[in-house]
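2 protein chains.
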Amino acid sequence: MSDPFRSAAEDTHAEMMQATYDALRKHGYSELTIQRIGDEFPKSKSLIYQHYDGKDELLVAFLEFMLEHFESEFEAEPPHDARERLRETVDRLLPAAMSDEQDAFVRALTALRGQAPHDEAFRRRFTETDPVFVSHIADIVRKGVAEGTFRGADPERVAQFVVTTCQGAALRHSTTDGELDLATTRSELDEYLRVRLGTEILGE
Amino acid sequence: MSDPFRSAAEDTHAEMMQATYDALRKHGYSELTIQRIGDEFPKSKSLIYQHYDGKDELLVAFLEFMLEHFESEFEAEPPHDARERLRETVDRLLPAAMSDEQDAFVRALTALRGQAPHDEAFRRRFTETDPVFVSHIADIVRKGVAEGTFRGADPERVAQFVVTTCQGAALRHSTTDGELDLATTRSELDEYLRVRLGTEILGE
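So the sequences go chain by chain: A and B. Taking this note's numbering, the leading residue of the first sequence gets 56, the next gets one more, and so forth. Taking this note's numbering, the leading residue of the second sequence gets 56, the next gets one more, and so forth.
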C-alpha cells in the first residue's frame, strides 16, 4: 500500500494522524496518552488539544483517516483482470510475510479492535470499515463472474469469508509469537477460492 | 460449554476468576480496575491484593484458568466419531448464533486479545492458548482419516485454518454491530471442510 501519511505530509491533519500512528505503535493502546501523541507531532501540541478532547477521539479519527486512504486506493486500482485484482487485495489483507512496517500496522489495528467490544465509537468505526473491504472484494468477484474469469459464486458470501479469514490471520499473527504461518493460511484460503471461483487466485 | 466457575464455586481462586470475568464483561479492559474486580468478589477484597499486583496479573491468570477449563473439557469429550467431534468443536468456536452469555465471553476475549500486541505477558498466554485448539482439531482430523471418516488431509493445516476462520469471525462479531452473519460464515467454512476432508461437517 502507498504511504497514507507521506502523500500529504504538509497537511496538519495528516501530520496529526502520523503522530497518532507513531505513538500507537510505540506505546500500544493502554499506555497511549495524548501527551505521547503530542511528542510525535512536529508542530505545536496545542493544535492537537484544539481539535481533540482525548486519545480516543484522536484514534477514532485515525481509523477514519485510514479508511479514506483505503477507499481512495481501491478507486485508483488499475484495470487488471479480476484474478489479478483479487490477488492484489488478498496480498494487502494477508501478505505471505510481513515487513516490520506491516507488522506494526497490524498490531496497532488489533489494539484498536480490542477497544471496540466495550466502546461504541470504535465499534461504529469498524462497522463502517469492514463493509468497505467486503464490497470491494464482492465487486471484483461479480466482475470476474461477468467476464467469465470466475465461475458463478455468491460474491457477498465469498467476500465476507475472505475478509473474515484475513482478519483472523491478522489477529493471530499480532497476538501470538509466531504461532501462525501466514503462507500456509493463504494456501488454504486459495483452496477455498478454487472451489468457489473455479480457479486458484494466490498460487503461482 | 460447561460453566467453568460454577464447577468450583466454593473455591476462592474460582471465585476470583469469576469476579474478574464479571468485571471485565461490565467495564471492558480500559475501564477495568482491581477495585472493580473486588466489587464483584464475595469475599474480602484483601485476598485479591494478597495474590495479585494489578489487573493485568489477574487477567493473565484468568486466561490461564480458562485455558485449563478448555483442556479439561476436551479431555472429557465422549468418544463420538470424528465428524461429530469436529462439529462439536466448531460449534463451540463458531456457533451459528450466540447467546448473550457467549456474546459477552467473546467480547471479553477480544478485549484481552487487543492487549497482546503490545504486552508480552498477554501475548505469551495466547501463544499457548491457540495451539491447544489447533492440536485438538488436528487430533480429530488425524483420527477421522485413520478411521476412514475423512479422506486424507494435512491435519495441522486444516486445524490452523479452522481456528483462524473461527477467530476472525469472533473478532468481527465482537467489534462490529451485527456486520457479520455467523451462520453464513459456518457454511463457507463447511465448504472448505468438504473439499479438504471429503465430507460436510456442519450441515444437517
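Built from N, CA and C at the ideal position, the CB exists for glycine as well.
Taking 3 residues as the shortest admissible run, the stretch 116-177 of chain B contains no complete beta strand (DSSP E) segment at all.
Scanning its chain for C-beta atoms nearer than 7 Å, with the 5 sequence neighbours on each side dropped, one finds around residue 205 of chain B the residues 137, 196, 199, 252, 253 and 254, in chain order. The beta carbon of residue 232 of chain B falls within 8 Å of a beta carbon belonging to chain A, placing the residue at that interface. Residue 167 of chain B and residue 215 of chain A do not touch by the CB rule: their CB atoms are close to 25 Å apart, not below 8 Å. Taken through DSSP and simplified to helix, strand or coil, residue 226 of chain B comes out as helix. Nearest in C-alpha terms to residue 79 of chain A, of all of A:179, A:258 and A:163, is A:163. Minimum Cα-Cα distance from residue 150 of chain A among the listed residues A:250, A:76 and A:225 corresponds to A:225. With respect to the C-alpha of residue 112 of chain A, the residue from A:94, A:218, A:170 and A:141 having the closest C-alpha is A:170.
Rounded to whole angstroms, residue 93 of chain B and residue 127 of chain B show a C-alpha spacing of 28 Å.
At least one beta carbon of chain B lies nearer than 8 Å to the beta carbon of residue 171 of chain A. The three-state reading of DSSP puts residue 242 of chain A in helix, counting H, G and I together.
Setting aside the 5 residues that flank it on each side, residue 89 of chain B is surrounded in the same chain by 103, 104, 107, 109, 110 and 113, each with a C-beta closer than 8 Å to its C-beta; the list follows chain order. Between residue 125 of chain A and chain B, the shortest Cβ-Cβ separation is not below 8 Å. Interface residue (Cβ-Cβ distance to chain B less than 8 Å): residue 166 of chain A is classified as such.
Think of a sphere of 7 Å around the beta carbon of residue 178 of chain B: the chain A residues whose beta carbon falls inside it are 230, 231 and 232, in chain order. Straight-line spacing of the CA atoms in residue 212 of chain A and residue 190 of chain A works out to 10 Å.
If you look at residue 89 of chain B, you'll find it in the alpha helix (DSSP H) that goes 89-94. Taking the Cβ atoms as the reference, residue 182 of chain A lies roughly 5 Å from residue 232 of chain B, within the contact range of under 8 Å.
Of the candidates B:135, B:193 and B:220, the residue whose Cα lies closest to the Cα of residue 209 of chain B is B:193. Straight-line measurement puts the Cα of residue 202 of chain B at about 49 Å from the Cα of residue 175 of chain A. The beta-carbon of residue 151 of chain A is placed no less than 8 Å from the nearest beta-carbon of chain B. With fewer than 16 other Cβ atoms inside 10 Å of its own Cβ, residue 68 of chain A counts as exposed. The Cβ neighbour count for residue 258 of chain A, taken over all protein chains shown within 10 Å, is under 16; the residue is labelled exposed. Residue range 67-82 is occupied by the alpha helix (DSSP H) that includes residue 69 of chain B.
Annotation for residue 256 of chain B: no alpha helix (DSSP H) segment contains it, and DSSP assigns it neither H nor E. For residue 250 of chain A, the chain B residues whose C-beta falls within less than 9 Å of its own C-beta are 246, 247, 249 and 250, listed in chain order.
By the 16-neighbour rule on beta-carbons within 10 angstroms, residue 74 of chain B is buried. Taking a contact as a CB-CB distance under 8 Å, the pair residue 70 of chain B and residue 98 of chain B counts as one, their CB atoms being some 7 Å apart. Taking C-beta atoms as the reference points, residue 66 of chain B and residue 95 of chain B fail to come closer than 8 Å. For residue 130 of chain A, the number of other beta carbons within 10 angstroms of its own is below 16, and it is reported as exposed. Shown here, residue 86 of chain B sits in coil according to DSSP, grouped into three states, outside any helix or strand.
Less than 8 Å separates the beta-carbon of residue 220 of chain B from that of residue 219 of chain A.
Put simply, the CB of residue 122 of chain A is far from chain B, with every gap to its CB atoms at 8 Å or more.
About 7 Å separates the beta carbon of residue 180 of chain B from that of residue 119 of chain B, a gap short enough to meet the 8 Å contact definition. In the three-state scheme derived from DSSP, where H, G and I count as helix and E and B as strand, residue 206 of chain B is classed as coil.
If you look at residue 100 of chain B, you'll find it in the alpha helix (DSSP H) that goes 100-106.
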